[in-house]
Amino acid sequence: MSMFVKKEIEESKRICIRLKEAREAAGISLDSLSKKTRINTQYLRALEECRFDDLPVSPLYQKNFIKTYLTALGIHPDPFIHQYLREEIPSADQTRHTHPAPPVRSMYFHNLPQLIRSTVTAMIVLSLIGYLGLQVKHIVEPPTLTVHSPTDGMITENRSLVIQGETEKEVSVFINGKEIVNKNNGQFEEQLDLGVGVNTIIISAKKKYGKTKTETRHVTVRTPSQFSFRNP
41 MSMFVKKEIE
51 ESKRICIRLK
61 EAREAAGISL
71 DSLSKKTRIN
81 TQYLRALEEC
91 RFDDLPVSPL
101 YQKNFIKTYL
111 TALGIHPDPF
121 IHQYLREEIP
131 SADQTRHTHP
141 APPVRSMYFH
151 NLPQLIRSTV
161 TAMIVLSLIG
171 YLGLQVKHIV
181 EPPTLTVHSP
191 TDGMITENRS
201 LVIQGETEKE
211 VSVFINGKEI
221 VNKNNGQFEE
231 QLDLGVGVNT
241 IIISAKKKYG
251 KTKTETRHVT
261 VRTPSQFSFR
271 NP
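Residues 41 to 272 in the numbering used here are what the sequence shown spells out, letter by letter.
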């Protein structure tokens, strides 16, 4: 014996109205029906008020809500579902809605392109931020500067000295405030005249928009007699 009660559908009334009338005729409240179907009360109310757009699923799965609703009332759901398909879903879409794919799988593949786009966009944005950060850091931080010759504290009797070192490309190099040539590979070399006694040599490397890196060397020039006096 079938547990369902077959009812004729009055085509003059929309499916949502028929659902509400069926529930009221069964003497079941929305709260009781919610407990039996495990469907939130607000969604049951949306079904009865023809607010199908307020349901959390697409029309493809709304008919399952209707089936659960009517099954809990002991009413055969097929006539109601057929009416719902005629009223709420365009005829061109009814065929593909008859045998839907599993909701989770369908939603996953539906959202996959958006997920990929979002991931790629995030990666591009992060890469751009990282690149700009490195560029700004490179601009504002002082350049590298290495002085190979002379060493600090050097003592010599020569009145001229070759300053050698290296820095970054396109960096201005100064020796005691005078700009010298910086080769394309960042190496520089300059001959400097010295005076007797202690000579302070300040080598500076400066970026166009950044800070300055400075190295200081102290070179003492002694005459041959001074060397002879200190080294008998």
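The beta-carbon is built from N, C-alpha and C at its ideal position, and this holds for glycine as well.
E48 (DSSP reduced to helix, strand or coil): Bear in mind that a pLDDT of 47 at E48, under 50, signals an unreliable position, so the model cannot answer this.
Burial state of T256 (16 or more Cβ within 10 Å): Counting the other CB atoms within 10 Å of its CB gives T256 a total below 16, which places it among the exposed residues.
Nearest-angstrom Cα distance between L113 and E128? Distance from the CA atom of L113 to the CA atom of E128, rounded to whole angstroms, is 22 angstroms.
Going by alpha carbons, who is nearest to S200 out of Y83, R262, L100, H122? Cα-wise, what sits closest to S200 is R262.
Using a Cβ-Cβ cutoff of less than 6 angstroms, which residues in the same chain neighbour V180 once the five nearest sequence positions on both sides are dropped? The beta carbon of V180 sits closer than 6 angstroms to those of G250, all from its chain and outside the five residues before and after it, given in chain order.
Excluding five sequence neighbours on each side, which residues of the same chain lie with their C-beta closer than 6 angstroms to the C-beta of N239? Scanning its chain for C-beta atoms nearer than 6 angstroms, with the 5 sequence neighbours on each side dropped, one finds around N239 the residues V259, in chain order.
Beta carbon of T108 nearer than 8 angstroms to that of T77: Yes; because the gap between Cβ atoms is below 8 angstroms, this pair is in contact.
V211 in three-state terms, based on DSSP: Note: V211 maps to coil in three-state DSSP.
Taking all protein chains shown into account, decide if G205 is buried (16 or more other Cβ within 10 angstroms of its Cβ) or exposed. Residue burial is scored here from C-beta neighbours: G205 has at least 16 other C-beta atoms within 10 angstroms and is therefore classed as buried.
I195 vs I215 beta-carbon contact at 8 angstroms: Contact: no.
State the start and end residues of the unbroken beta strand (DSSP E) segment that holds I57. The continuous stretches of beta strand (DSSP E) do not include I57, which lies in the alpha helix (DSSP H) extending over residues 55–66.
Counting only the same chain and skipping the five closest in sequence on each side, list residues whose C-beta sits under 7 angstroms from that of P264. Non-local beta-carbon contacts of P264 in its own chain, meaning distances under 7 angstroms to residues more than five positions away in sequence, involve E197 in chain order.
For the beta strand (DSSP E) containing R257, name the first residue and the last one. First-last of the beta strand (DSSP E) with R257: 252–261.
Considering only their Cβ atoms, is the gap separating V213 from I220 smaller than 8 angstroms? Note that the C-beta distance between I220 and V213 is below 8 angstroms.
Starting from the N-terminal side, write out each stretch of the alpha helix (DSSP H) that is 4 residues or longer and does not extend beyond the region 177–237. You should have found no qualifying run.
Answer yes or no: do T207 and T191 have a C-beta to C-beta separation smaller than 8 angstroms? Contact flag unset, no.
Between the beta-carbon of I156 and the beta-carbon of I203, is there less than 8 angstroms? Against a cut-off of 8 angstroms, the Cβ pair of I203 and I156 comes out as no contact.
Sort G217, V187, G67, G237 by Cα distance to E229 and report the nearest one. Of the candidates G217, V187, G67, G237, the one whose C-alpha sits nearest the C-alpha of E229 is V187.
When we look at the beta-carbon of G235 and count the other beta-carbons within 10 Å, is it buried (16 or more) or exposed? Note on G235: under 16 other CB atoms within 10 angstroms of its CB, so exposed under the neighbour-count rule.
Report the residue from G237, S72, F105, I164 whose alpha carbon sits nearest the alpha carbon of G193. The shortest C-alpha to C-alpha distance from G193 to any of G237, S72, F105, I164 is the one to G237.
Looking at F105 and I79, is the spacing between their C-beta atoms short of 8 angstroms? Note that the C-beta distance between I79 and F105 is below 8 angstroms.
Could you tell me if L59 is buried or exposed, where buried requires 16 or more neighbouring beta carbons within 10 angstroms of its beta carbon? When all chains shown are included, L59 counts as buried.
Can you give me the Cβ contacts of R85 inside the same chain, cut-off strictly under 7 angstroms, excluding the 5 residues immediately before and after it? Taking C-beta separations shorter than 7 angstroms and ignoring five residues to either side along the sequence, the partners of R85 in its chain run L70, following chain order.
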